[in-house]
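Note that my numbering has the sequence shown beginning at 3, numbered continuously upward.
This report refers to the structure that appears directly beneath it.
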Amino acid sequence: MPRSNSAELITLRVSIVKELRNKWRRERERNPYVNEHFGGFVNELLHDILEKDEFLRHYAPFLSEEGCTRDTLYIKDFKENKTAEVRISENKLHCSLCNSFACFHIQFAMATPRVAKLNLERKPIDVEIEADGQQVKNITRNKRRKNSISRKISS
Ligand SMILES: [Zn+2]
3 MPRSNSAELI TLRVSIVKEL RNKWRRERER NPYVNEHFGG FVNELLHDIL EKDEFLRHYA
63 PFLSEEGCTR DTLYIKDFKE NKTAEVRISE NKLHCSLCNS FACFHIQFAM ATPRVAKLNL
123 ERKPIDVEIE ADGQQVKNIT RNKRRKNSIS RKISS
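The structure is reproduced here in structure tokens:
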């Protein structure tokens, strides 16, 4: 099958495609300027995520997401040289470092995709994604191990 050089085929999980398609339909109903092609819509969505990451790097260069558990998002503040713990309290995000519901760390947390993982009832799809993610991690780790072993052997 001939393909354009500017395109690459990737495999998406069926459940993700279904959710994306539903999102695309909903957004097209609300906004006529949303891309009329599903593929174009998905590309724009991913591009927006990359742009948001870039924006965050400029907006808050001294903050970085250090990780998260099911109820806490850890944000390293290099200005303060401390880590802010952001949790949901009274149905609002709360920052332990500033003891505030409205500080810069909260703004930053709100812009990260992981904020959506805090204290939410986990849907079956999340569990599935996590299992797949874990599998990919293991495969990558094994490949890295093999590569480093073969590098050691060849050197
Ligand atoms: Zn804070």
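Yeah, the Cβ is synthetic: ideal placement off N, Cα and C, and Gly gets one too.
Compute the distance between the beta-carbons of residue i and residue j, then report whether it is under 8 Å.
| i | j | result |
| --- | --- | --- |
| E68 | K78 | yes |
| S98 | A86 | yes |
| N33 | E46 | no |
| D73 | L120 | yes |
| A111 | V88 | yes |
Could you tell me how far apart the beta carbons of residue i and residue j are, in whole angstroms, since I believe they sit closer than 8 Å?
| i | j | result |
| --- | --- | --- |
| V117 | L52 | Between L52 and V117 the Cβ distance is about 18 Å, and since that is not below 8 Å, they are no contact. |
| K81 | F57 | Their Cβ separation, rounded to whole angstroms, is 19 Å, which puts K81 and F57 out of contact at 8 Å. |
Could you have a look at residue i and say whether DSSP puts it in helix, strand or coil?
| i | result |
| --- | --- |
| H49 | helix |
| E56 | helix |
| R15 | coil |
| V44 | helix |
| M3 | Because the pLDDT of M3 is 46, which lies under 50, any placement of that residue in the model is unreliable, and the number read from its coordinates should be weighed accordingly. If DSSP states are grouped into helix, strand and coil, M3 belongs with coil. |
| N37 | coil |
| E21 | helix |
| E29 | helix |
**Request:** Scan the region 60-129 and note each continuous alpha helix (DSSP H) run of 4 residues or more that stays entirely inside, going in chain order.
**Result:** Unbroken alpha helix (DSSP H) stretches of 4 residues or longer found wholly inside the region 60-129: 106-112, given in chain order.
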